[in-house]
Amino acid sequence: MVTRSISKAQSRKRMSRSYFQFAARLVSGSKCSISVVIWSLVGFLVMLHLYTLIPHINTHTKEIDINTSHDPIIRELEEIEEERIHMPPPRKRSPRAVKRKPKRPTTLIDEFLDESSPMRHVFFPSMKTAVDPRKDADNGSYYYFPGRIWLDTEGNPIQAHGGGILYDHRSSTYYWYGEYKDGPTYHAHKKGAARVDIIGVGCYSSKDLWSWKNEGIVLPAETHNASHDLHPSNVLERPKVIYNERTHKYVMWMHVDDTNYTRAHAGVAVGDRPAGPFRYLGSLRPHGCDSRDMTLFKDDDGAAYLIYSSFNNSELHVGRLTDDYLDLAGPASRILVDQHREAPALFKHRGTYYMITSGCTGWAPNAALAHAAESMMGPWETLGSPCIGGNEVYRVTTFFAQGTHVVPVAGVRGLFVFMADRWNPADLRDSRYVWLPLTVGGPADRPLDYGFGFPVWSRVSVYWHRRWRLPGRG
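The numbers in numbering that gives the first Met the number 0 rise by one with no breaks, and the one at position 246 of the sequence shown is 245.
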């Protein structure tokens, strides 16, 4: 017996075809009034809108559907948690400063960027509050604490910034790859951005997405060749890894650049095992264009895509990779043109592609936006801010963080983990991780309107929590 799976998009098309055929027959009839046709179309649009909001059960798997689950932890994750922060009193100013032009009031963002701020502990808590998987204190196991120091199984702070996660089905293990920034922060020149010399790509493994074992540096810097892409004086950012079933290779792409961010290349490396070592193959300008913040996305059919910011970060490009994932297979699709978005993080849900991006403000936080498309190559539509809870400043700064990856939670359909970095430009090695629950459902903030204004896309929601855990943990 063959069971055919019908997507929401296909169902919508069938409903649309039936209704418009019915309307056409009415129009052709001599006794039909125009008002009947109009009300028929309105009825169709109402039914279509309601249909998009009804959760559909996946009969082929045993996954929990987050929209119908009564799991108390799921309900807890979708609760809105407010964050009230009291600003410190104004700092004393010198008598000379008082005579000058009045200074604007200090904002919460100013306090975040000021390393001498008395509120520093709010954004970067001390080691005393670190998340330590070696301890199994009552009610503390498997909880995420966004912004706290996160230790590995050896008790050292995790160094996997700007990273991404690969779930290796062969070993049923998660692998977290990221920038290993355990070095001093400095400025290469007066106007240069804060940086850490390239050390390499760090890798950590886990069975539960919470307790992480350090697998070492799987792609190290090239210290003996000053002209090499991975020389310590250059830039290596946002490494992502996917597995190729055809070649049985693990393929890594990353942003490689010079100190001034003028080279703007994408680098490629391969490995035989998820924990490396990876062999660097070289770099290129994808489609002949500059490439900076980037990510990879592997679709259900095995097709893989490179998504990168280009044209001086004014737009994003999407390009399909060759079958071996080592090069580009065709022309790029230009998306979000003139919107100045970077740090793309993609995922797929019920046949629809979703993406979260950030603005372009260097190490400073800014507002995230969610986008959706029915095809990886676009067109992509903007849904609005995904951030819920905290307070207004938290939401417009993406909880003082920048997205880097979205992880599907195995066994819970519709629940994802939004991975973000809370950058500390004064000491980049002390940048923190902000992991939060992400769900898909309900009408979007900025819906793409078809006809009478009914939203087609579902809302992407990232919920702020000081402390949270995944269902089935603990």
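Beta carbons: idealized from backbone N, C-alpha and C, even for Gly. Note that the coordinates shown come from a computational prediction; the quantities given were computed from them, not determined experimentally.
Cβ shell of residue i (< 7 Å), same chain only, five flanking positions each side left out
i, result
"Asp133", "Looking at the sequence provided, one finds Arg at residue 133 rather than Asp. Thr152 and Gly154, listed in sequence order."
"Trp422", "Trp362, Gln401 and Ser430"
"Val336", "Glu314"
"Asn312", "Arg291, His339, Glu341 and Cys359"
"Val408", "Leu414, Phe415, Val416 and Leu469"
"His286", "His316, Gly318, Leu327, Pro330 and Ala331"
Distance between beta carbons of residue j and residue i, contact taken as under 8 Å
i, j, result
"Gly388", "Glu81", "7 Å"
"Pro385", "Ala367", "6 Å"
"Glu373", "Thr351", "6 Å"
"Arg472", "Tyr141", "4 Å"
"Tyr176", "Ala159", "6 Å"
"Arg284", "Glu341", "Not confirmed; about 17 Å, so no contact."
"Tyr203", "Val234", "About 22 Å separates the two Cβ atoms, so there is no contact after all."
Secondary structure of residue i, DSSP reduced to three states
i, result
"Lys189", "coil"
"Thr356", "strand"
"Val405", "strand"
"Lys297", "strand"
"His254", "strand"
"Lys127", "helix"
"Ile198", "coil"
"His348", "strand"
"Arg74", "helix"
"Arg421", "strand"
"His120", "helix"
"Tyr279", "strand"
Close Cβ partners of residue i (< 6 Å) along its chain, the five nearest in sequence each way excluded
i, result
"Leu218", "Gly199, Val200, Ala268 and Phe277"
"Met251", "Pro238, Val240, Ala268 and Phe277"
"Arg428", "Lys180 and Asp181"
"Phe296", "Tyr304 and Leu345"
"Tyr173", "Ile164, Tyr166, Ser205 and Leu208"
Residue i to residue j span [Cα, whole Å]
i, j, result
"Val406", "Ile164", "7 Å"
"His247", "Glu178", "24 Å"
"Gly410", "Val439", "15 Å"
"Thr474", "Asn390", "Outside the displayed range of the chain (0 to 473) lies residue 474, so it cannot be described from this structure."
"Ile197", "Glu221", "9 Å"
"Pro124", "Cys359", "26 Å"
"Tyr185", "Glu214", "27 Å"
"Ser475", "Ala263", "Limits of the chain in this structure are 0 at one end and 473 at the other, which puts residue 475 out of reach."
"Ser205", "Thr106", "39 Å"
"Val121", "Phe398", "12 Å"
"Ser282", "Gly318", "16 Å"
"Val459", "Leu435", "13 Å"
"Glu77", "Pro273", "33 Å"
"Val395", "Ala425", "22 Å"
"Ile108", "Asn365", "10 Å"
"Leu229", "Pro87", "43 Å"
"Leu437", "Gly162", "18 Å"
"Glu236", "Met253", "6 Å"
Cβ-based neighbour list, residue i, same chain, cut-off 8 Å, excluding 5 preceding and 5 following
i, result
"Ala129", "Arg147, Ile148, Trp149, Leu150 and Pro156"
"Ala225", "Ser232"
"Glu75", "Trp467"
"Ala344", "Thr294, Met354, Ile355, Thr356, Gly402, Thr403, His404, Val405, Phe417 and Met418"
Buried or exposed by the 16-neighbour rule on C-beta atoms within 10 Å, applied to residue i
i, result
"Arg466", "exposed"
"Met126", "exposed"
"Asp256", "buried"
"Ile306", "buried"
"Arg245", "exposed"
"Arg83", "exposed"
"Asp289", "buried"
"His85", "exposed"
"Arg79", "A small correction: the amino acid at residue 79 is Ile; Arg does not occupy that position in the sequence shown. Exposed."
"Asp299", "exposed"
"Ser171", "exposed"
"Arg169", "exposed"
"Arg332", "Looking at the sequence itself, residue 332 is Ser, so the reference to Arg does not match. Burial call: buried."
"Ser115", "exposed"
"Pro104", "exposed"
"His223", "exposed"
Any non-hydrogen atom of the ligand HEM within 8 Å of residue i CB
i, result
"Gly383", "Of ligands this structure carries none, so the ligand HEM is not represented either."
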